[in-house]
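**Student:**
Protein chains in written order, with the numbering used here: chain A, 8 to 342; chain B, 8 to 342.
#1: From the DSSP output, read off the bridge partner residues of residue 308 of chain A.
#2: Given that a residue counts as buried once 16 or more other Cβ atoms are within 10 Å of its Cβ, and exposed if not, what is residue 142 of chain A?
#3: Are at least three pairs of beta-carbons, each pair with one atom in the segment 70 to 87 of chain B and one in the segment 114 to 124 of chain A, less than 8 Å apart?
#4: With a cut-off of 8 Å on the beta carbons, I'd call residue 282 of chain B and residue 167 of chain B a contact; round off their distance for me.
#5: Let me make sure I understand the geometry here. Which of A:270, A:262 and A:13 has the alpha-carbon closest to that of residue 103 of chain B?
#6: Any chance the segment 296 to 315 of chain B sits against the segment 318 to 326 of chain A, with 3 or more Cβ pairs inside 8 Å?
#7: Between the C-alpha atoms of residue 198 of chain B and residue 292 of chain B, what's the straight-line distance to the nearest angstrom?
#8: Rounded to the nearest angstrom, what separates residue 162 of chain A and residue 207 of chain A at their Cα positions?
#9: If you run the structure through DSSP and keep just helix, strand and coil, what is residue 57 of chain A?
#10: When the cut-off is 8 Å and only beta carbons count, does residue 70 of chain A lie next to chain B?
#11: Mind pulling the chain A residues with CB within less than 7 Å of residue 77 of chain B?
#12: Looking at the strands, I want to know which residues DSSP matches up with residue 280 of chain B.
#13: Nearest to residue 7 of chain B by alpha carbon, out of B:201, B:230 and B:147?
#14: For the alpha helix (DSSP H) containing residue 20 of chain B, name the first residue and the last one.
#15: Against chain B, with Cβ distances strictly below 8 Å, would residue 225 of chain A count as a contact?
#16: Are residue 181 of chain A and residue 201 of chain A close, meaning C-beta to C-beta below 8 Å?
#17: Could you tell me which of B:219, B:184 and B:107 sits nearest to residue 286 of chain B, measuring between CA atoms?
#18: Name the two residues that bound the continuous alpha helix (DSSP H) containing residue 90 of chain A.
#19: Once you ignore the five residues that flank residue 243 of chain A on each side, which residues in its own chain have a CB closer than 8 Å to its CB?
#20: Whether or not the segment 124 to 137 of chain A and the segment 89 to 104 of chain A are in contact is what I'm after, with contact meaning three or more pairs of Cβ atoms, one per stretch, closer than 8 Å; do they touch?
#21: Around the Cβ of residue 224 of chain B, are there at least 16 other Cβ atoms within 10 angstroms (buried) or fewer (exposed)?
#22: Can you tell me the Cα-Cα spacing of residue 187 of chain B and residue 338 of chain B, whole angstroms?
#23: Going by the CB atoms, is the gap between residue 189 of chain B and residue 108 of chain B shorter than 8 Å?
#24: Which stretch, first to last residue, makes up the alpha helix (DSSP H) that contains residue 115 of chain B?
#25: List in chain order: all unbroken beta strand (DSSP E) runs of 3+ residues lying wholly within the segment 128 to 168 of chain A.
#26: In the DSSP assignment, find the alpha helix (DSSP H) that holds residue 39 of chain B and state where it starts and stops.
#27: Name the residues in the segment 103 to 120 of chain A whose C-beta lies less than 8 Å from a C-beta of chain B; which are they?
#28: Could you say which of B:38, B:20 and B:165 lies nearest to residue 349 of chain B if we only look at CA atoms?
#29: Would you give the residue range spanned by the alpha helix (DSSP H) that residue 237 of chain B belongs to?
#30: If you draw a straight line from the alpha carbon of residue 216 of chain B to that of residue 69 of chain A, how long is it in whole angstroms?
#31: Is the CB of residue 87 of chain B under 8 Å away from at least one CB in chain A?
#32: Tell me which same chain residues have a C-beta within less than 7 Å of the C-beta of residue 106 of chain B, skipping the five on either side of it?
#33: Can you list, in chain order, the residues of its chain whose CB lies under 7 Å from that of residue 170 of chain A, leaving out five sequence neighbours each side?
#34: Using the Cα positions of residue 17 of chain A and residue 146 of chain B, report the straight-line distance between them to the nearest angstrom.
#35: Please identify the residue among B:152, B:123, B:192 and B:303 whose C-alpha is closest to the C-alpha of residue 58 of chain B.
#36: Can you check whether the C-beta of residue 31 of chain A is within less than 8 Å of a C-beta belonging to chain B?
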């Protein structure tokens with residue numbers, strides 16, 4: 008490992024994973040943490056609970072389709088949903104840089120409150136810290152969350168089986184490209200918005216029949232590619248997805264070509280990868296497409312026996328390539 | 008309210024309270040949050056749970072008696088204890104500034120792990136973000152925590168009654184003065200260490216008989232004075248403490264005189280203010296003094312009928328003064 012922290016340690020790729028496995032898991036060995044899921048699943052007094060945390064450092068604070076407040080609430084809600092939980096309670100902790108206009112903070116808090124109200128989740132505790140000018144960057148927000156997992160729901164990479172359908176709940180890359188285009192000041196042909204949103208509606212609808220959905224992951228930092236590579240490696244199965252089935256907006260495709268980015272590694276903030284029992288996936292899709300947030304949900308591939316531990320992309324041109332964990336620089340501070 | 012965030016908004020005094028009441032509670036209205044306790048108390052599936060969050064931005068990262076890792080774990084454990092909970096699970100979320108030496112991060116994580124092991128609390132979920140050089144300050148750590156509240160335990164300012172004893176679990180001001188002396192580079196006559204520590208041992212011992220302890224608060228930012236002023240105002244009772252009964256190290260007294268600080272407003276990170284049934288307080292004290300962390304626990308005053316809503320200090324000189332919420336500048340980034 009290098010001697011100092013670099014930006015890529017936080018970008019969600021190979022270096023992030025090394026930091027966690029070589030440094031953090033060296034000292035914190037609880038089996039629930041070792042699973043490295045989006046949420047910890049805890050058994051408490053007869054019930055099962057999901058517990059998760061995320062610090063949000065996105066730059067800029069306001070972006071097309073959302074802001075850091077909406078992102079903080081929806082990101083934590085989505086992490087709870089990945090554990091099959093009904094989101095109940097959130098904490099909200101602010102690290103504010105001296106000089107932040109109070110009108111900005113007001114707008115961000117209102118946006119967080121609106122998103123929480125839409126989900127029906129309650130903010131029940133919080134904290135506020137202020138750091139000197141130049142020692143922060145406007146605002147960082149940590150949200151931790153608690154949700155209850157209904158009886159019979161048990162989502163985990165261990166439930167993934169050969170033959171399962173791989174679904175994605177909509178177009179990929181919208182968040183990453185929207186942020187990047189605003190940050191770098193380039194114009195897209197039409198306005199592209201971040202997909203930043205809490206997915207409780209579509210996810211709870213998809214899970215109406217317990218047992219049909221085997222595993223959920225939200226492809227945030229590191230994108231769809233990272234989620235597929237990690238799930239294949241964690242479960243020791245092969246995964247195959249077809250490039251042309253992956254829903255993508257033209258603006259995202261165009262921007263990625265222009266910038267030399269691979270869209271499967273670009274961050275999303277309102278999408279879910281769902282591993283679903285084959286044969287039931289049409290039923291799940293039919294439920295998903297009724298929700299505006301998952302109108303473009305699609306079957307993109309299957310879990311296979313071949314190449315265990317690896318995810319493979321079948322390209323539009325008829326070739327195939329391994330979907331590896333990204334090593335190099337991803338987009339920093341995307342969430 | 009001013010137009011921009013200033014350091015005092017985060018210092019725990021009057022401006023912090025205004026920020027919370029005028030801005031945060033404007034949007035987040037859940038009755039549990041409105042109580043503004045150290046932990047939220049949630050009723051879930053028959054049991055009662057405490058849920059809390061804290062972001063730690065202390066400067067410097069290493070200080071006599073601890074570091075940000077130990078502080079993050081013990082601070083959240085102490086907040087759970089304030090709700091009468093047995094601390095069970097913590098999250099750990101890092102915001103790292105690019106360039107932090109990995110050896111420093113390693114040392115901090117080890118220290119957090121040691122403190123968690125000493126308490127018997129498990130870190131079960133986490134997050135890591137990295138921000139560019141100059142956009143953070145080495146390391147910020149958020150810890151959220153979950154604990155279970157045993158049947159029969161019900162701590163709250165509402166339980167405070169006229170006549171109750173006011174105890175403090177040891178000397179005040181150690182943390183604030185230790186940080187300040189290191190930061191400003193002045194030498195104390197003998198080495199003073201922060202009191203930074205998790206208080207599960209003394210607190211659980213003090214609470215052996217449910218009902219005897221009515222309310223707990225850890226006097227961190229804003230110190231003993233802020234806790235007393237807030238409790239008196241929240242409950243609408245009078246509080247009286249005697250200056251000469253408040254345990255204090257000579258170095259803290261000396262440094263406060265030199266710097267013009269009032270020690271009752273200086274931060275602690277390993278102390279507890281306990282409101283205890285009068286007549287039972289000797290028994291509680293006798294249990295506390297068996298623990299090294301609360302060896303100097305003392306009775307400092309009583310809850311009174313006079314001057315409801317106000318805390319009053321009886322000075323050594325025979326006078327008395329109102330203990331108000333501090334308005335001006337406290338020590339920034341003390342936790």
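C-beta atoms are modelled at their ideal positions from N, C-alpha and C, and glycine is treated no differently. Keep in mind the model is a prediction, meaning the values are calculated, not measured.
**Tutor:** Taking the definition as stated:
#1: Under the DSSP definition of a beta bridge, residue 308 of chain A partners with A:173 and A:248.
#2: buried
#3: no
#4: Yes, they are in contact, since the Cβ atoms of residue 282 of chain B and residue 167 of chain B sit about 5 Å apart, within 8 Å.
#5: A:13
#6: no
#7: 27 Å
#8: Approximately 15 Å between the Cα atoms of the pair.
#9: strand
#10: no
#11: Within 7 Å Cβ-Cβ: nothing; residue 77 of chain B doesn't reach chain A, min ~13 Å.
#12: B:175 and B:224
#13: With chain B running from 8 to 342 in the structure shown, residue 7 of chain B is simply not present.
#14: Counting along the chain, residue 20 of chain B falls outside any alpha helix (DSSP H), and DSSP gives it neither H nor E.
#15: no
#16: yes
#17: Answer by Cα proximity: B:219.
#18: No alpha helix (DSSP H) holds residue 90 of chain A; DSSP gives it neither H nor E.
#19: 315 and 316
#20: yes
#21: buried
#22: Cα to Cα, the separation comes out at about 8 Å.
#23: no
#24: 109 to 126
#25: 129 to 138 and 146 to 156
#26: 38 to 41
#27: Taking 8 Å as the Cβ-Cβ cut-off against chain B, the residues of the segment 103 to 120 of chain A that qualify are 103, 104, 105, 106, 107, 108, 109, 110, 112, 113, 116, 117, 119 and 120.
#28: There is simply no residue 349 of chain B to check, as chain B begins at 8 and stops at 342 in what is shown.
#29: 230 to 242
#30: 52 Å
#31: no
#32: 140
#33: 285, 309 and 310
#34: 13 Å
#35: B:152
#36: yes
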